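Note that full-length UniProt numbering numbers the sequence shown so that position 68 is 68, with each residue one more than the last.
In this text, a Cβ means the ideal position worked out from N, Cα and C, and glycines have one as well.
It should be emphasised that the depicted structure is a prediction, and the values quoted were computed from it without experimental measurement.
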Amino acid sequence: MSLRLSEELAAKLGELAQAMGRTKSFVAVRALEDFVAREAWQVAEIQQGIREAEAGDFATDEDMRALEAKWSPGAR
């Protein structure tokens with residue numbers, strides 16, 4: 001796999017790698033790993049929410065009132 005980076009991004013990557021005492025490849029792979037993990041988590045959570053909604057698994061009015069009471073200003 002090869003990537004085309006803007007000059008600005010390549011320069012920032014180089015500066016960061018130098019500051020970390022690592023190679024640009026190491027820093028880029030770490031960044032991609034973090035991004036992929038975060039995005040995969042978010043997609044999985046969205047898909048779970050869609051499955052729950054399709055199954056009719058919604059909060060009740062009572063659940064919502066309790067949540068509102070918990071987070072309303074002055075609530076403890």
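Could you tell me the alpha carbon to alpha carbon distance between T23 and L9, rounded to whole angstroms?
Taking the straight line joining both Cα atoms gives about 15 Å.
Residues in the same chain with beta-carbon distance under 8 Å from A17, minus the five sequence neighbours each way, listed in chain order, please.
T23, K24, F26, V27, listed in sequence order.
Put A59 into one of helix, strand or coil per three-state DSSP.
The answer is coil: DSSP assigns A59 none of H, G, I, E or B.
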